[in-house]
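In this note's numbering, the protein residues as written are 24 to 115.
Shown next, in the form of structure tokens:
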């Protein structure tokens, strides 16, 4: 904490942190897109025009048994604003 506090609001050069040809991992949060439906979030196919109660849905979310929805079924929800690590970037 003291190291970060000492560098607060000061200019830090890239050379002082990274070396040339060094491989680094980049950790960040993705761009947030809010609550999205299943079609835009997972890219599922739209249902036919005359479908009852909506087109941009998943037609079948599972069998009768097991009587719960599997985690692999595409559902609507939060899109973006996820923690991601991108590995093996070379510093030039």
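Beta carbons: idealized from backbone N, C-alpha and C, even for Gly.
- In the structure shown, the three-state DSSP call for residue 52 is strand.
- Following the DSSP letters along the chain, one finds residue 64 inside the alpha helix (DSSP H) bounded by residues 61-65.
- Taking one beta carbon from each stretch, the stretch 36-51 and the stretch 79-86 have fewer than 3 pairs nearer than 8 Å; the two do not touch.
- Under the three-state reduction of DSSP output, residue 24 falls in the coil class, being neither helix nor strand.
- A check of alpha carbon separations from residue 53 across 107, 115 and 91 identifies 107 as the nearest.
- Pairwise C-beta distances place the stretch 97-115 in contact with the stretch 49-67, as three or more of them are shorter than 8 Å.
- The three-state reading of DSSP puts residue 37 in helix, counting H, G and I together.
- In this structure residue 97 is in contact with residue 81, their Cβ atoms being roughly 6 Å apart against a cut-off of 8 Å.
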